[in-house]
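Worksheet: one structure, shown below.
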Amino acid sequence: VSLWRESDRTLIAGDAFITTAQESAYAVATQAPELHGPPMYLTIDWPAARASVRALAALAPERVITGHGRPLKGPEMRRALDALAEDCDRVAVPETGRFVEHPLGAADGSAYRAPR
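So for the sequence shown, the UniProt record's numbering puts the first residue at 1; every next one is plus one.
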């Protein structure tokens with residue numbers, strides 16, 4: 001879930017994208033602000049994740065608050081978000097993984113099936 005407030009162009013992005021690399025213990029500990037795609041360990045539908053990043057970037061937020069990491073704002077954040085949206089597959093999607101080739105979805109019930 002993401003929330004948008006037009007009046008000051010604030011986006012609460014949830015985990016659609018994050019501002020610290022959750023896959024790195026060092027990045028989590030230092031909380032160095034940098035834009036990343038959604039957490040790799042939690043994303044079950046990469047095509048939907050890509051679409052979310054692109055839709056949220058299109059809002060051109062002034063500030064973003066994410067589920068992981070520090071809030072970011074300003075032109076540098078917008079450039080990073082635009083770059084993430086443009087190149088999401090290369091910079092955010094893992095090369096391998098259970099959900100890379102076979103995303104799960106609620107509509108067809110596959111999100112609820114047991115791992116094989």
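Note that the Cβ used here is the ideal one computed from N, Cα and C, for glycine as well.
Just so it is clear, the structure is predicted and the values come from calculations on it, not from any experiment.
Restricting to Cα atoms, I'd like to know which of W4, I12, R5, R54 is closest to L72. As a working note, residue 72 is residue 72 in the sequence shown. Cα-wise, what sits closest to L72 is I12.
Quick one, are the C-beta atoms of V53 and A83 less than 8 Å apart? What you label residue 53 is simply residue 53 of the sequence shown in a count that begins at 1. What you label residue 83 is simply residue 83 of the sequence shown in a count that begins at 1. Between V53 and A83, the C-beta gap is not smaller than 8 Å, which leaves the two residues out of contact.
For I44, list the residues DSSP reports as bridge partners. The sequence position of residue 44 within the sequence shown is 44, counting from 1. In the DSSP output, where bridge partners are listed per residue, I44 has none listed.
Return the chain-ordered list of same chain residues with a C-beta closer than 6 Å to the C-beta of G67, the five sequence neighbours on each side being excluded. Position 67 of the sequence shown, counting from 1, holds the residue named residue 67. The answer, listed in chain order, is G14, D15.
Same chain, Cβ closer than 6 Å to V64, five either side skipped, listed in chain order: By one-based count along the sequence shown, residue 64 stands at place 64. Answer for V64: L11, A13, L72, listed in chain order.
Quick one, which of A58, D89, G69, V93 has its alpha-carbon nearest R79's? Looking up residue 79 in the sequence shown gives position 79. Cα-wise, what sits closest to R79 is A58.
When DSSP builds the beta bridges, which residues end up paired with G14? To locate residue 14, count along the sequence shown from 1; it is residue 14. In DSSP, G14 forms a bridge with T66.
What does R5 pair with, by DSSP beta-bridge criteria? What you label residue 5 is simply residue 5 of the sequence shown in a count that begins at 1. R5 pairs with T10.
Can you grab the Cα-Cα spacing for the pair T43 / A60, in whole Å? Translated into positions along the sequence shown, residue 43 becomes position 43. Translated into positions along the sequence shown, residue 60 becomes position 60. Cα-Cα distance, rounded: 23 Å.
Of the residues A32, M77, T30, the one placed nearest L56, counting alpha carbons only: Working through the sequence shown from its first residue, we reach residue 56 at position 56. The shortest CA-to-CA distance from L56 to any of A32, M77, T30 is the one to M77.
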